[in-house]
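Below is one structure, written out as structure tokens; the observations come after it.
2 protein chains.
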Amino acid sequence: MASQKSTATDLAANSDSGTGRAPKRARGRQRVAALLDAATLVFAEKGYDAATMTEIASRSNTAIGSLYRFFPSKEALAEALLRRYGERAGAGLDAIAAQARDLTAGELADALLDLMMALKSERTALKVLMDARVDGDNRRQYLRGVIRGRLAGVLSAHAPSLSADRAAIVSVMLLHLMKAIPELAQEGEAAALIAEMRLVLGAYLAVAVTAG
Amino acid sequence: MASQKSTATDLAANSDSGTGRAPKRARGRQRVAALLDAATLVFAEKGYDAATMTEIASRSNTAIGSLYRFFPSKEALAEALLRRYGERAGAGLDAIAAQARDLTAGELADALLDLMMALKSERTALKVLMDARVDGDNRRQYLRGVIRGRLAGVLSAHAPSLSADRAAIVSVMLLHLMKAIPELAQEGEAAALIAEMRLVLGAYLAVAVTAG
DNA sequence: GTGTTATGCGAGGATGGTCTCGCATAATGG
DNA sequence: CCATTATGCGAGACCATCCTCGCATAACAC
Numbered sequence: 001m002a003s004q005k006s007t008a009t010d011l012a013a014n015s016d017s018g019t020g021r022a023p024k025r026a027r028g029r030q031r032v033a034a035l036l037d038a039a040t041l042v043f044a045e046k047g048y049d050a051a052t053m054t055e056i057a058s059r060s061n062t063a064i065g066s067l068y069r070f071f072p073s074k075e076a077l078a079e080a081l082l083r084r085y086g087e088r089a090g091a092g093l094d095a096i097a098a099q100a101r102d103l104t105a106g107e108l109a110d111a112l113l114d115l116m117m118a119l120k121s122e123r124t125a126l127k128v129l130m131d132a133r134v135d136g137d138n139r140r141q142y143l144r145g146v147i148r149g150r151l152a153g154v155l156s157a158h159a160p161s162l163s164a165d166r167a168a169i170v171s172v173m174l175l176h177l178m179k180a181i182p183e184l185a186q187e188g189e190a191a192a193l194i195a196e197m198r199l200v201l202g203a204y205l206a207v208a209v210t211a212g
Numbered sequence: 213m214a215s216q217k218s219t220a221t222d223l224a225a226n227s228d229s230g231t232g233r234a235p236k237r238a239r240g241r242q243r244v245a246a247l248l249d250a251a252t253l254v255f256a257e258k259g260y261d262a263a264t265m266t267e268i269a270s271r272s273n274t275a276i277g278s279l280y281r282f283f284p285s286k287e288a289l290a291e292a293l294l295r296r297y298g299e300r301a302g303a304g305l306d307a308i309a310a311q312a313r314d315l316t317a318g319e320l321a322d323a324l325l326d327l328m329m330a331l332k333s334e335r336t337a338l339k340v341l342m343d344a345r346v347d348g349d350n351r352r353q354y355l356r357g358v359i360r361g362r363l364a365g366v367l368s369a370h371a372p373s374l375s376a377d378r379a380a381i382v383s384v385m386l387l388h389l390m391k392a393i394p395e396l397a398q399e400g401e402a403a404a405l406i407a408e409m410r411l412v413l414g415a416y417l418a419v420a421v422t423a424g
């Protein structure tokens with residue numbers, strides 16, 4: 001209950017665990033945003049390991065030294081990206097939770113899918129970053145937990161009869177299913193596959209809610 | 213039709229495109245098998261880029277030079293692994309296809325899931341290798357195509373009324389759903405999640421077959 | 001203006017990974 | 001046995017990448 005009352009802002013917690021000096025001036029903030037955008041693209045295209053700091057810098061017309069001024073390591077850059085994603089996705093989930101009570105299973109499925117489509121470009125990068133095997137994945141674990149909690153909140157709002165345990169399990173499953181979306185969107189028959197995913201989510205949600 | 217008649221062996225086609233000299237003696241074949249097993253583990257644990265040839269060699273008590281004797285490059289090693297997986301998965305799918313006609317949607321879902329569980333350890337490595345962004349992904353594309361065709365064959369055998377187009381789409385979707393399985397199996401609530409995946413597959417298959 | 005701080009820069013140090021090479025050893029054939 | 005071929009080995013060449021460092025410039029305070 002308490003976790004559902006929290007706002008999207010707590011997704012930004014655990015803030016600068018080694019995130020290097022944050023920008024103090026407007027110029028710096030612009031640069032950081034550009035850097036993060038470039039990083040999103042490069043990570044999505046190449047994967048975590050193959051993405052090079054040099055390319056991320058050059059894509060945003062930044063010198064390598066400037067990149068390292070704001071992000072002391074590749075891992076710190078990835079963490080910042082995860083944090084930004086968490087804020088955006090959290091806001092989207094909160095918005096859905098607000099109307100979840102009045103939606104059918106199919107409509108809820110659609111709403112979730114639409115949210116994912118809206119975040120599509122970032123989603124690919126997210127997947128790559130979450131899958132990346134890395135030492136300190138504290139932030140990754142934390143983000144995963146918070147997002148799962150948020151989605152469980154959506155489910156509980158939609159079907160109050162659902163037990164907390166079931167809501168948790170269904171959330172995890174839904175999140176796993178969503179992971180496929182960016183890849184589907186890149187496939188040849190993208191439109192047909194997205195439609196198919198609506199089928200999957202709708203069918204599953206209908207069953208999952210009643211089979212509680 | 214013709215594609216369904218083909219045996220599992222054609223999954224091994226496109227054979228040694230730069231695969232380096234194949235072993236000619238029993239000792240060599242053993243070594244190659246050990247190498248592939250070690251590679252499966254290391255790729256699964258670390259991902260494609262982070263997996264090192266040195267570790268793969270040492271895990272199978274092989275000198276780095278010996279590894280390179282059989283596989284001239286990391287990419288060649290990955291291709292060999294893909295080929296071996298193709299052969300095994302193809303055989304499994306063929307077996308399912310043989311009885312698909314007599315199974316309910318739920319039973320078919322179970323059979324597919326069981327096959328994936330049987331190949332679990334290799335599945336994780338497969339996912340990593342298929343996702344790896346790499347130059348010559350001819351073999352990857354080829355394998356993807358063949359496996360999809362095989363699964364479409366299973367579906368057509370199960371529900372002859374399904375149009376070829378629908379069977380193709382549903383195959384692609386099923387394969388994407390299956391990709392989640394190795395990750396589910398590593399999650400805390402593994403058993404519950406696998407059961408949940410049965411729900412997903414069952415619900416989807418039932419809808420997909422009738423909604424054709 | 002002058003001092004101070006934020007931002008910008010890119011050559012190069014350090015590290016770690018892929019793959020080569022030449023030789024040693026073991027197995028096979030005749 | 002000897003010749004030939006397959007297999008085994010590991011030091012190190014080579015290279016790509018992460019990240020450091022010291023200094024230059026721009027923005028701001030006063």
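Residue numbers (the numbering used here), protein chains in the order written: chain A, 1 to 212; chain B, 213 to 424. Don't be surprised by glycine CBs; every beta carbon is placed ideally from N, CA and C.
If you check each beta-carbon in the segment 121-136 of chain A against every beta-carbon of chain B, the ones closer than 7 Å belong to 133. By the Cβ neighbour-count rule, residue 372 of chain B is exposed, with fewer than 16 other Cβ atoms within 10 Å of its own. Annotated three-state conformation of residue 48 of chain A is coil, per DSSP. Proximity of the segment 148-155 of chain A to the segment 86-106 of chain A meets the contact definition, three or more beta-carbon pairs being nearer than 8 Å.
Only those residues of the segment 245-263 of chain B whose C-beta falls short of 7 Å from the nearest C-beta of chain A are listed: 258, 259, 261, 262.
Annotation for residue 355 of chain B: 294, 298 place their beta carbon closer than 7 Å to its own, counting only its chain and skipping 5 residues before and after. Using a Cβ-Cβ cut-off of 8 Å, residue 204 of chain A is close to 411, 412, 415, 416 of chain B, given in chain order. Nearest CB-CB separation between residue 196 of chain A and chain B: below the 9 Å threshold. For residue 268 of chain B, no CB of chain A lies under 9 Å from its own CB, so it is not counted at the interface with that chain.
Identification of chain B residues near residue 24 of chain A by a Cβ-Cβ cut-off of 9 Å yields none; the smallest Cβ-Cβ distance measures about 35 Å. In this structure, the alpha-carbon of residue 302 of chain B lies about 12 Å from that of residue 357 of chain B.
Comparing alpha carbon positions, the residue from A:195, A:112, A:35 closest to residue 74 of chain A is A:35. The segment 262-280 of chain B makes contact with the segment 237-247 of chain B; the number of CB pairs closer than 8 Å reaches 3 or more. Here residue 169 of chain A is buried, its C-beta having at least 16 other C-beta atoms within 10 Å. In chain order, 152, 155, 156 place their CB closer than 6 Å to the CB of residue 167 of chain A, counting only its own chain and leaving out the 5 sequence neighbours on each side. Pairwise C-beta distances place the segment 276-291 of chain B out of contact with the segment 318-331 of chain B, as fewer than three of them are shorter than 8 Å. When Cβ pairs closer than 8 Å are counted between the two stretches, the segment 117-128 of chain A is seen to touch the segment 37-50 of chain A, the count reaching three or more. Pairing residue 176 of chain A with residue 321 of chain B gives a Cβ-Cβ distance that is not under 9 Å. Taking the C-beta atoms as reference points, residue 410 of chain B is found nearer than 9 Å to residue 318 of chain B. Take the alpha-carbon of residue 182 of chain A and the one of residue 272 of chain B: they are about 36 Å apart.
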